[in-house]
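In this note's numbering, the protein residues as written are 113 to 766. Notes for the one structure printed next.
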Amino acid sequence: MGDRDEVPSDGASNDESSQSPPASFVEQANVDEDLTDTFERTWPECWDRAGELLEWDDPYATVLDDENPPFYRWFPGGTLNASYNCLDRHLESGRKNHAAIRWEGKDGERRTFTYRELYVEVNECAAALRELGVQEDDVVTIYLPMIPELPITMLACARIGAPHSVVFAGLSAAALATRMDAADSEYLLTCDGYYRRGDAFNQKSKADNAVLSVDANVTTVVVDRLGDELPHVLGSNEYDYEALLEAHSQETVEPVSRDADDMLFLMYTSGTTGEPKGVVHSTGGYLAYAAWTARTVLDIKPEDTYWCAADIGWITGHSYIVYGPLALGTTTVMYEGTPDYPDRDRLWEIVERMAVDVFYTAPTAVRAFMKWGKQYPERHDLSSLRLLGSVGEPINPRAWHWYREHVGGGECPIVDTWWQTETGGIAISTVPGVDEMKPGSAGPPLPGIQVDLLDSDATAVDPGETGYLTLERPWPGMAETLYDDDERYVAEYWRQFSDPDAGEWRYASGDAARADEDGYLTILGRVDDVLNIAGHQVSTMELESAIAGVEGIAEAAVVGGSNGGDVYAYVSTEGATDDGDALERRIIEAVETEIGPIARPETVVFTPELPKTRSGKIMRRLLEDVTNDEPLGDTSALRNPEIVGEIQSAVRDQ
Ligand code: WTA
């Protein structure tokens, strides 16, 4: 192994023993008492604590209306406006010159918006949208990359009560068209193009192709991001964003009072199978929950510089770049581009320069940092960091320790946050000023959340056993339904474990998990990602975690061979592999010890990278096709298509 010696055993151990948050963190934490009992005793009124973080036009009558499950209504009777809660009220409370958004573009390009400046631009944009004909309840599709106009247009929609549907900028024209049609959306906000790794990408041509095939007569607004670098011509029904704003310079728009259960936005899930699901989120419950979890779990304070390095095109960015942080009046950082361009220390350079307090990212990013080496974070002063977060996949203990050691200075608590597009916000995590952390486990459910792990007969499984992760009670951030499809909402999430005749409703997350004696949950991934090895059910995540626990391994994906028994492991290493055989032996040993000889991989394939979707999820289906020498299915969602050929030839060489 080339530079494997560089990995210090202290900083990358596989240790799962529990760790206490440092006293210095506990002293200043937003939440430093265990709220679980209080929440149990006062549920559902306990959720008043979330409601109280917002300013309501009309106060809510009660916290929860559960008359018509599973269509729960949170904060019924309350009315509010999300853009008011993220902007206006902070001006009134003396924070008008405080930075709301600090944006980093390519090549050192930077923009900062104070709350006042953001307020002005959101109002101008809201006025412009009105003039174009957007009315309350019209769905506006936003197809923008990570530029300030993305949160600005979201908040402008919220201001006039028009739900937004943000479509990740990297998705194709066909994906955009499907989502616009499904949401009956007649308005599209997009841009000419954007930069990625220094290259200009044409976004407008994708938008144009989509609009051609959309049923509605679409009105399009185009942000000129690339100027002369990518000249574009506006056709009929197309408007220039800048010109529209100039025409409405300094105009203000009264925020529209929305019912708590009016739709704030619609988000299509990144699912790798089936028709995309249009998850509907409410104005009151969602915003209250995003703010409450951002405060409780991410420990965000108004004076912080907080950075979630996700893309706003997915739910993580909605809840924890835009709505949660801005509702709390903090400074939220957003950046355009990738963590390794122009250099592999781009993120750390930003953390140092902005003195970021709280940093939130995904395990796939952490594993990439591990692979690149500790020298990148180490050459920066990261001492401003107080808390680290992880989301999107299980973070295996080795990556956890590496993250804490080399990014968190060995001190920062880590919150491993489990949640989904459908949950709206974090549902399982330690509360960082209260709970001990156990590397490899997300932690207990948050106060007020009731998790049960069940077998397929809906019987609770014992600690240590794998079960379906279900939520027994509603919570304010939960999806209200799937757009225009209540039936599918019930069928996808509620039917499996509920007993409507007995009045019992239970949300099925689609994930599998295991609890320890303390109720700490280890998430094992999607239920469908379970391999049947000689009649034994083995979770791919569990196998992958065992493999990724081996020193020198950055990331692993396992799939089953079509003959029903063999396990194929695809593995990327931290440095160059010069002794693949030794490494392979250690991988097999780790699997045999941690899971059992039945799960022993038949074949280990080393690859520089694993094939991933644009949202960073490993595309196992593709690896299955490669493994079984099947024709490859749809690869358009891939972020790194070039890797597939390499993997195919590596498999053939086996
Ligand atoms: C997975 C992203 C393990 C899980 C917020 C879930 C996780 C899916 C974790 C939702 C975690 C998310 N540990 N797995 N901390 N967080 N997941 O809708 O399988 O893009 O069901 O929402 O990501 O993905 P989604």
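Even for Gly, the Cβ is constructed at its ideal location relative to N, Cα and C.
Open item on the list: Buried or exposed, going by whether 16 or more other CB atoms sit within 10 Å of the CB of asparagine 193?
Closed with: Here residue 193 corresponds to residue number 81 of the sequence shown, with the count starting at 1. Burial call: buried.
TODO: Leaving aside the five residues before and after tryptophan 404 along the sequence, list all residues of the same chain whose C-beta is less than 7 Å from its C-beta, in chain order.
DONE: Walking along the sequence shown from the start, residue 404 turns up at place 292. Closer than 7 Å at Cβ, skipping near neighbours: Arg161, Ala162, Leu165.
Task: Contact test: glutamate 523 Cβ vs the ligand WTA heavy atom, cutoff 7 Å - done: Locating residue 523 in the sequence shown gives position 411, counting from the first residue. It does not: the Cβ of glutamate 523 is nowhere closer than 7 Å to a heavy atom of the ligand WTA.
- [ ] Would you check whether the ligand WTA has a heavy atom nearer than 7 Å to the C-beta of glutamate 742?
- [x] Translated into the one-based positions of the sequence shown, residue 742 becomes position 630. Glutamate 742 Cβ: outside cutoff for every heavy atom of the ligand WTA.
Open item on the list: Can you list, in chain order, the residues of its chain with a C-beta nearer than 8 Å to that of glycine 383? Leave out the 5 residues immediately preceding and following it.
Closed with: Position 271 of the sequence shown, counted from the first residue, corresponds to residue 383. Confidence is the limiting factor: at glycine 383 the pLDDT is only 49, short of 50, which leaves the residue's position unreliable, though a coordinate-based value still follows. Lys389.
Open item on the list: Does threonine 571 pass the burial test, meaning 16 or more other C-beta atoms within 10 Å, or should it be called exposed?
Closed with: Start at 1 with the first residue of the sequence shown, and residue 571 comes out as number 459. When all chains shown are included, threonine 571 counts as exposed.
Open item on the list: Only counting the same chain, and skipping five residues up and downstream in sequence, which positions put a Cβ closer than 7 Å to that of alanine 694?
Closed with: For the purposes of this step, residue 694 is taken as residue 582 along the sequence shown, with counting starting at 1. Excluding sequence neighbours, alanine 694 sits near nothing in its chain.
- [ ] Identify which residue in Asp336, Leu301, Asn740, His344 has its Cα closest to the Cα of serine 317.
- [x] On the sequence shown, position 205 is the one that residue 317 refers to. Cα-wise, what sits closest to serine 317 is His344.
Open item on the list: Count Cβ pairs between the segment 558-566 and the segment 437-457 that sit closer than 8 Å; are there 3 or more?
Closed with: no
Open item on the list: For alanine 668, tell me which candidate among Glu229, Leu722, Phe280, Glu204 has the shortest Cα-Cα distance.
Closed with: Start at 1 with the first residue of the sequence shown, and residue 668 comes out as number 556. If you compare the alpha carbons of Glu229, Leu722, Phe280, Glu204 with that of alanine 668, the shortest gap goes to Leu722.
Task: Close beta carbons around alanine 285, own chain, < 7 Å, minus the five adjacent residues each side - done: Start at 1 with the first residue of the sequence shown, and residue 285 comes out as number 173. Same-chain partners within the cutoff: Lys318, Asn321, Ala322.
Task: Option nearest tyrosine 472 by Cα separation, candidates Gly522, Glu534, Val409 - done: In the sequence shown, counting from the first residue as 1, residue 472 sits at position 360. Nearest C-alpha to tyrosine 472: Val409.
Open item on the list: Give me the residue from Val602, Ile700, Gln362 with the minimum Cα distance to threonine 715.
Closed with: Numbered from 1 along the sequence shown, position 603 holds the residue referred to as residue 715. Cα-wise, what sits closest to threonine 715 is Ile700.
Open item on the list: Tell me the rounded alpha-carbon separation between proline 257 and arginine 214.
Closed with: Here the question's residue 257 lines up with position 145 in the sequence shown. Here the question's residue 214 lines up with position 102 in the sequence shown. Going by the C-alpha atoms only, they are around 15 Å apart.
Open item on the list: Measuring only from the beta carbon, is proline 556 closer than 7 Å to any heavy atom that is part of the ligand WTA?
Closed with: Counting from one through the sequence shown, the residue named residue 556 turns up at place 444. No; taking the cut-off as 7 Å, the Cβ of proline 556 has no heavy atom of the ligand WTA nearer than that.
TODO: Quick one: using the 10 Å Cβ neighbour count with 16 as the cut-off for buried, is aspartate 416 buried or exposed?
DONE: On the sequence shown, residue 416 is found 304 positions in, with the first residue counted as 1. Aspartate 416 is buried by the Cβ-count criterion.
- [ ] Using a Cβ cut-off of 8 Å (strictly closer), state whether valine 468 contacts chain D.
- [x] Given the protein chain composition of this structure (a single chain), no chain D is represented.
Open item on the list: Among Leu262, Val234, Ile755, whose alpha-carbon lies nearest the alpha-carbon of arginine 337?
Closed with: Here residue 337 refers to the residue found at position 225 when the sequence shown is read from its first residue. For the residues Leu262, Val234, Ile755, the minimum Cα distance to arginine 337 belongs to Leu262.
Open item on the list: Considering only heavy atoms of the ligand WTA, does any lie closer than 7 Å to the CB of valine 503?
Closed with: Position 391 of the sequence shown, counted from the first residue, corresponds to residue 503. Flag set: Cβ of valine 503 near the ligand WTA.
Open item on the list: Along the chain, where does the alpha helix (DSSP H) containing cysteine 303 start, and where does it finish?
Closed with: Numbered from 1 along the sequence shown, position 191 holds the residue referred to as residue 303. Cysteine 303 -> not in any alpha helix (DSSP H); beta strand (DSSP E) instead, spanning 299-303.
Task: C-alpha distance - glutamate 754 paired with glutamate 686, whole-angstrom precision - done: As a working mapping, residue 754 is identified with position 642 in the sequence shown. As a working mapping, residue 686 is identified with position 574 in the sequence shown. For glutamate 754 and glutamate 686, the distance between alpha carbons rounds to 20 Å.
TODO: Taking only the alpha-carbon atoms, compute the straight-line gap between leucine 301 and alanine 480 and give it to the nearest angstrom.
DONE: The residue labelled residue 301 in the question sits at position 189 within the sequence shown. The residue labelled residue 480 in the question sits at position 368 within the sequence shown. Answer to the nearest angstrom: the Cα atoms are 33 Å apart.
Open item on the list: Given 7 Å as the limit, tell me if isoleucine 259 has its C-beta closer than that to any heavy atom belonging to the ligand WTA.
Closed with: Counted from its first residue, the sequence shown places residue 259 at position 147. No, the ligand WTA has no heavy atom inside 7 Å of this Cβ.
Open item on the list: Is glutamine 562 a contact residue of the ligand WTA, with contact defined as CB to any heavy atom under 7 Å?
Closed with: Reading the sequence shown from its first residue, position 450 is the one you call residue 562. Distances from the CB of glutamine 562 to the heavy atoms of the ligand WTA are all 7 Å or more.
TODO: Would you tell me roughly how many angstroms separate the C-alpha atoms of leucine 594 and methionine 379, rounded to the nearest one?
DONE: Along the sequence shown, read from residue 1 onward, the residue named residue 594 stands at position 482. Along the sequence shown, read from residue 1 onward, the residue named residue 379 stands at position 267. Their Cα atoms are separated by approximately 9 Å.
Task: Under the three-state DSSP convention, the category serine 284 falls into - done: Mapped onto the sequence shown, residue 284 falls at position 172. Coil, per DSSP.
- [ ] Compute every distance between the C-beta of glutamine 532 and the non-hydrogen atoms of the ligand WTA, then say whether any falls below 7 Å.
- [x] As a working note, residue 532 is residue 420 in the sequence shown. Glutamine 532 Cβ: within cutoff of the ligand WTA.
Open item on the list: alanine 421 and alanine 477 - do their beta-carbons sit closer together than 8 Å?
Closed with: Locating residue 477 in the sequence shown gives position 365, counting from the first residue. Locating residue 421 in the sequence shown gives position 309, counting from the first residue. Yes, Cβ-Cβ distance for alanine 477 and alanine 421 is below 8 Å.
- [ ] Could you spell out the range, first to last residue, of the alpha helix (DSSP H) harbouring glycine 397?
- [x] In the sequence shown, the residue the question calls residue 397 occupies position 285. Note, glycine 397: alpha helix (DSSP H), 396-408.
Task: Beta-ladder partner(s) of lysine 724, from DSSP - done: Start at 1 with the first residue of the sequence shown, and residue 724 comes out as number 612. Bridge partners of lysine 724: Ile730.
Open item on the list: On a Cα-Cα basis, can you pick out the residue from Ile272, Arg465, Ala289 that is closest to valine 279?
Closed with: Walking along the sequence shown from the start, residue 279 turns up at place 167. Answer by Cα proximity: Ala289.
Task: Chain-order list of residues whose beta-carbon lies under 7 Å from that of valine 326 (same chain, five-residue window excluded) - done: On the sequence shown, position 214 is the one that residue 326 refers to. Excluding sequence neighbours, valine 326 sits near Ala289, Met292, Asp293.
Task: Proximal residues to leucine 438 (C-beta, below 7 Å), its chain only, five neighbours per side dropped - done: Within the sequence shown, the letter at position 326 stands for residue 438. Cys198, Ala212, Thr444, listed in sequence order.
Task: Proximity of leucine 283 and serine 195 at Cβ, strictly below 8 Å - done: Position 171 of the sequence shown, counted from the first residue, corresponds to residue 283. Position 83 of the sequence shown, counted from the first residue, corresponds to residue 195. It is not a contact, given that the beta carbons lie outside the stated cut-off.
TODO: Using three-state DSSP, classify glycine 383 as helix, strand or coil.
DONE: Counted from its first residue, the sequence shown places residue 383 at position 271. Low per-residue confidence applies at glycine 383: pLDDT is 49, beneath 50, and the placement is therefore not dependable, though the value from the model is reported in the following sentence. Correct three-state label for glycine 383: coil.
Open item on the list: Check whether the segment 492-512 and the segment 142-158 are in contact - that is, three or more C-beta pairs closer than 8 Å.
Closed with: no
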